[in-house]
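In our numbering, the protein residues as written are 1097 to 1690. Where is the CB? At the ideal position from N, CA and C, for every residue including glycine. On a predicted model such as this, the values are computed, not experimentally measured, just so you know.
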Ligand SMILES: Nc1ncnc2c1ncn2[C@@H]1O[C@H](COP(=O)(O)OP(=O)(O)OP(=O)(O)O)[C@@H](O)[C@H]1O
């Protein structure tokens, strides 16, 4: 269903339709009320021409209209008009509000679903694509209006036809002949417009994806002077999008109202010809012709508006199919998958970590971790070193349960990691990534991560504990300084320090550190090292180290290459081994001296 170029079969359309309709159920009362008022307006609209025709034929033409009668009809018409307008207002109000509420509800559900999905899913989907799904595709406003129109139009046609039938059943039956012609044009329109609509939506999604890529990668784009190339690329997609838009407008301009209006004009000619023919033998009341023609208009009008909104139907079905794809996505985050042994009150008490023969792959094809085994005792530190791409971060990813491993065991305190509830893992494991994300909020709130349970004092003392306070206090507004998007105004080292504080304020039992490789000034570097020292005290730590000098004191160092452990031991043991680690260490020491 992902490929929107494919034409959906009737069965698929129907399945999607039933799926999306379920979201409407909690708000059905709005739609039912809108329907009731809609029926009222249609009945009134059909009746009002009769008031006029009665007045014309019984009083005006026969010159029997007295002051009283004129007032009576004026007031009657006025009252009907007021009721009609009120009914229309309520119908409109309930319909609009109902549609807004359903959209909001769908958006909430889709957004919540995204949170349950695993990293594998996000690896495969461009961010812009996902944004389009959550923003544009959940906006089914026109779709709900269209559905409502479809139901009420059907009713209007029946009511108007009944009125026509009451006036003159022969001519009314002739009006029925127009139905197949109209239906044919509806089908024709639907055929042509759906295809173009789908292509237009696809281009819009592409546009969003590209835009997201450009904005996130602006630094690289500017650095490598890619502006012109990307501008051309963007313009081409934009041009294609507008091309399809223009075609949609052309199709609508040609096939929507003009066609229905043309047919309506034809039907009025037929009506007039029929009535004229009849007038040769008998008297035909002018008011009756007026009432008839008014109801002919009521009869045709819903078809016109239905066709108008048909495009919203195809549009809505395409969007709904994408929502369905997301909602039915099974690549759940490992921590969301129900494991029979998971116990909600299982706690991490000591923080012993063990990997037993773990194999792992991101895509199910390329093995990234091969037979990884190690034990870290409570309070000890293990460090992973190795070339880029050797699998260091993957060990952390597996341990954080961002991805599921497919072979082996990972244990905490001798219990399978899968048996711990997600909340316990998130609470007791502190992850410090190389480049931590900063939210648009104060420094304090960034440390607290908006958690209302954590006090400002706790945030400050965590910052002091990791030696982040000295730089924060130097900021213009100290802890209240507003962080701009992504923390762009801070250096990598400063962001790292805030991230340390953010982790420590939660007092985790286990620490996962991905050491920053960015250029950090010596002063911040010293602070970071001091902060790290404090953090590691009494906590089991798994650290990815790029600079070997920072992990000399680790209890165990694992050297990885292409996902395999090729050396293990402490710093001295590994130096004695005179292998890969010793080479790396000597090289780094030499670089430092230079
Ligand atoms: N999300 C992903 N999807 C697919 N493959 C991935 C993904 N992340 C990493 N890989 C691949 O897994 C292998 C190990 O990557 P990993 O990030 O664990 O290496 P690393 O040792 O941490 O590298 P670095 O020091 O550069 O961070 C690499 O070949 C990488 O291309």
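Verify whether the separation of the beta carbon atoms of residue 1288 and residue 1488 is less than 8 Å.
no
Say whether the segment 1369-1389 touches the segment 1179-1197, bearing in mind that this needs 3 or more beta-carbon pairs closer than 8 Å, one atom from each stretch.
no
Alpha carbon to alpha carbon, how far is residue 1671 from residue 1677? Give it in angstroms, no decimals.
7 Å
Curious, which full-length alpha helix (DSSP H) runs of at least 4 residues does the segment 1259-1294 contain?
1265-1272
Apart from the five residues on each side of it in sequence, which residues of its chain come closer than 7 Å, Cβ to Cβ, to residue 1235?
1199
Nearest CA to the CA of residue 1134: which residue from 1202, 1252 and 1105?
1252
Ranges of the alpha helix (DSSP H) found wholly within the segment 1325-1407, counting only runs of at least 4
1353-1375
Less than 7 Å between the CB of residue 1410 and some heavy atom of ligand 1, yes or no?
no
Range covered by the beta strand (DSSP E) that runs through residue 1637:
1636-1640
Which residue wins for smallest C-alpha separation from residue 1624, given the options 1449, 1189, 1275 and 1611?
1611
Taking just the CA atoms, how far does residue 1338 sit from residue 1099?
For residue 1099, the predicted model reports a pLDDT of 43, less than 50, meaning its position is unreliable; a value from the coordinates is still stated below. Taking the straight line joining both Cα atoms gives about 21 Å.
Just verifying my parser: in three-state terms, what is the DSSP assignment at residue 1656?
strand
Run the proximity test for residue 1488: is its beta-carbon closer than 7 Å to any non-hydrogen atom belonging to ligand 1?
Residue 1488 Cβ: within cutoff of ligand 1.
Any heavy atom of ligand 1 closer than 7 Å to the beta-carbon of residue 1552?
Distances from the CB of residue 1552 to the heavy atoms of ligand 1 are all 7 Å or more.
Do residue 1228 and residue 1410 have their C-beta atoms within less than 8 Å of each other?
No, these two residues do not count as a Cβ contact at 8 Å.
Hey, is residue 1464 close to ligand 1, as in C-beta under 7 Å from one of its heavy atoms?
yes
Looking only at DSSP bridge pairs, what is residue 1527 linked to?
1608
Between residue 1485 and ligand 2, is the CB less than 7 Å from at least one heavy atom?
Among the ligands present in this structure, namely ligand 1, ligand 2 is not found.
Within the segment 1463-1547, note down every full beta strand (DSSP E) run reaching 3 residues or more, in order along the chain.
1463-1472, 1477-1482, 1503-1508 and 1525-1528
Nearest to residue 1304 by CA position, among 1223, 1638 and 1504, is which residue?
Answer by Cα proximity: 1223.
Is residue 1206 closer than 8 Å to residue 1422 when the C-beta atoms are compared?
yes
If you measure from the CB of residue 1541, is any heavy atom of ligand 1 nearer than 7 Å?
no
Flag residue 1512 as yes when its Cβ comes closer than 7 Å to any non-hydrogen atom of ligand 1, and as no otherwise.
no
CB-CB under 7 Å to residue 1168, same chain, minus the five flanking residues each way: which ones, in chain order?
None.
Would a check of beta-carbon distances place residue 1265 closer than 8 Å to chain C?
The question asks about chain C, but that chain is absent: this structure has only one protein chain.
Determine, using beta-carbon pairs with one atom in the segment 1254-1262 and one in the segment 1394-1406, whether at least three such pairs fall under 8 Å.
yes
Please indicate yes or no: does the CB of residue 1293 lie closer than 7 Å to some heavy atom of ligand 1?
no
Residue burial classification, residue 1318 (beta-carbon count within 10 angstroms, cutoff 16)
exposed
Regarding residue 1328 and ligand 1, is the C-beta to nearest heavy atom distance less than 7 Å?
Flag unset: Cβ of residue 1328 not near ligand 1.
Enumerate in chain order the residues of its own chain whose CB-to-CB distance from residue 1427 is below 7 Å, with the five nearest sequence positions on each side excluded.
Within the same chain, residue 1427 has close Cβ partners 1213, 1214, 1216 and 1217.
Delimiting residues of the alpha helix (DSSP H) encompassing residue 1573:
Per DSSP, residue 1573 belongs to no alpha helix (DSSP H) and is neither H nor E.
Does DSSP classify residue 1108 as helix, strand or coil?
helix
Could you have a look at residue 1578 and say whether DSSP puts it in helix, strand or coil?
It is a strand residue.
If you pair each beta-carbon of the segment 1126-1140 with each one of the segment 1347-1361, do three or more pairs fall below 8 Å?
In short, these stretches do not touch, since the Cβ pair count stays below three.
Over the uninterrupted beta strand (DSSP E) stretch that includes residue 1457, give me the two end residues.
Membership of residue 1457 in the beta strand (DSSP E) is indicated by the continuous run 1449-1457.
Would DSSP call residue 1239 helix, strand or coil?
If DSSP states are grouped into helix, strand and coil, residue 1239 belongs with the helices.
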